[in-house]
Amino acid sequence: MNKKKIGIGMGTWAWGNKLVWGYKPETDDILLKKTFFDAIDGGLDLVDTADSYGTGNLFGQSEKLIGNFLEELPKRKLKKITIATKLAPFPWRIGRNGFNHAFQESNKRLRGHIKRAQLHWSTSRYAPWQEEQLLNGLGDLYEKGLIQEIGLSNTGPKRLCFLYQKLKERGIKITSIQMQFSLLTKPTLEDEKIKNLCIEHNIEYLAYSPLALGILAIKPNKSPKPKTFLRQKLFQNILPKTIELRKLLTNIGEKYSASQAQVALNWIRSHGAKPIVGIRNPLQAKDAISALNWSLTKREKERLDFYRNSCLANMPQNPFTSP
Ligand SMILES: NC(=O)c1ccc[n+]([C@@H]2O[C@H](COP(=O)([O-])OP(=O)(O)OC[C@H]3O[C@@H](n4cnc5c(N)ncnc54)[C@H](OP(=O)(O)O)[C@@H]3O)[C@@H](O)[C@H]2O)c1
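Taken in order, the sequence shown gives residues 39 to 361; the numbers are from this note's numbering.
Right, dumping it as structure tokens:
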């Protein structure tokens, strides 16, 4: 049985509906709370958020919401999970102390429960000197005992090597790296290099957007129109080119009485990665939990790999990803 667990991504679902989909606090927060509690009860053990999830008046909204939920979570359950946030290297967060205030604010919103702080994206393309400084700042937080783990995100293999060495010189380990990874991300040599570095240095590879924003869960004969303009464009382009892949997900799922989403999540686990999935309701939480009960065979994994390699459409790469 595959030992890799699944994490909960608290990005789009925690604040996206507030911005776009007509948020109703009296019903939505209750639904999200149940989703969150069910997910943790079912064994999803990493909660991923970011200080930038929510902007303007909604800044830090995802962290606030999680902080409220955590207040009601019994201590014994809290001990079993990791609360991880990502701090954004905005241009005004400069130097080694650049994250100090941001961290304090995030930790307030998350009621002092941050275990892992992650650098949200690499600045190496536009401000390479910043990255090391900010990471050293996270190292200081670690040495002061304010966090227990450090993570990276959207960092390519060259920068990963460099940053890993820099922290190693201080006797600090990088616990995880999160990258966009799904059946619809373009297979690249860089990604293979990152995975190998993760194995070599015992870094956990976290796959974000593992369902390609939900596309992989859509039935092969369906083509729903999402509510945001950006997603409409994306779905319009990708859905017609992924019918065969989604058929294969259905076929494999039938054998395990599992959904397409479960197959897509277990494909990620079969690559030694841990998916952080953006679940929005209790049914999706239940579905993700069910994926923990079974694994793909080698042949099924290879068939999916083959379809991925020959897929005619891919998710756009995150522009902040470094070399
Ligand atoms: N480091 C980074 O730069 C970065 C970037 C993006 C995301 N992330 C992290 O990764 C997390 C997840 O990524 P994501 O939300 O972008 O993408 P995702 O997990 O690929 O897709 C989320 C969407 O999938 C659908 N879904 C989820 N579970 C489902 C199920 N069991 N059956 C059917 N549909 C299901 C939902 O769609 P509906 O809304 O249609 O129900 C949901 O909105 C984020 O919350 C965030 O924590 C990190």
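Just so you know, even glycine gets a beta-carbon here, dropped at the ideal spot from N, CA and C.
At a cut-off of 3 residues, the continuous stretches assigned as beta strand (DSSP E) that sit fully inside the region 65 to 111 are 84 to 88.
Not a single heavy atom of ligand 1 lies less than 7 Å from the C-beta of Ser360.
If you compare the alpha carbons of Asn192, Ile46 and Phe219 with that of Ala77, the shortest gap goes to Ile46. Using a 10 angstroms sphere on the CB of Thr226, the tally of other CB atoms stays under 16, which defines it as exposed. In the structure shown, Lys312 falls within a strand segment according to DSSP collapsed to helix, strand and coil. Rounded to the nearest whole angstrom, the C-alpha separation of Asp66 and Glu238 is 43 Å. Three or more Cβ pairs closer than 8 Å define a contact, and the region 264 to 282 falls short of that threshold against the region 69 to 87. Of the heavy atoms belonging to ligand 1, at least one sits nearer than 7 Å to the Cβ of Asp86.
Collapsing the DSSP output to three states places Arg197 in a helix. Per DSSP, reduced to three states, the secondary structure at Leu184 is coil, with no helix or strand assignment. Residue burial annotation: Ile68 is exposed, with fewer than 16 other C-beta atoms found within 10 angstroms of its C-beta. If you draw a straight line from the Cα of Glu228 to the Cα of Ala311, it comes to about 15 Å. Within 10 angstroms of the beta-carbon of His158 lie 16 or more other beta-carbons, which makes it buried. C-alpha of Lys293 to C-alpha of Thr87: approximately 34 Å in a straight line. Around Pro264, the same chain offers Gln270 and Phe273 as residues with beta carbons nearer than 7 Å, after the five sequence neighbours per side are excluded. Along the length of the region 225 to 249, whole beta strand (DSSP E) runs at least 3 residues long occupy 242 to 246, reported in chain order.
Where Ala155 is concerned, the enclosing beta strand (DSSP E) starts and stops at Arg154 to Leu157. Each of Ser360, Ser100 and Lys42 was checked against the Cα of Arg318, and the nearest Cα belongs to Ser100. For ligand 1, no non-hydrogen atom lies closer than 7 Å to the CB of Trp332. Of all alpha-carbon atoms in Asn352, Gly291, Ala140 and Cys349, the one lying nearest the alpha-carbon of Thr335 is that of Gly291.
Under DSSP, Lys124 forms a beta bridge with Ala88 and Gln156. Contact annotation, Arg154 with Ala126: C-beta distance approximately 15 Å; criterion of less than 8 Å not satisfied. Three or more Cβ pairs closer than 8 Å define a contact, and the region 161 to 174 falls short of that threshold against the region 314 to 331. Distances from the CB of Tyr246 to the heavy atoms of ligand 1 include at least one below 7 Å. In this structure, Leu249 has its beta carbon less than 7 Å from a heavy atom of ligand 1. Under the rule that a run must span 3 or more residues, no beta strand (DSSP E) segment is found entirely inside the region 251 to 278.
Here Gln298 is buried: its Cβ has 16 or more other Cβ atoms, across all protein chains shown, within 10 Å. In this structure, Ile241 has its CB at a distance of at least 7 Å from all heavy atoms of ligand 1. Taken from the Cβ of Ala326, at least one heavy atom of ligand 1 lies inside 7 Å.
Here the C-alpha atom of Leu254 lies approximately 23 Å from the C-alpha atom of Asp83. An exposed status is given to Arg114, since fewer than 16 other beta-carbon atoms sit within 10 Å of its beta-carbon.
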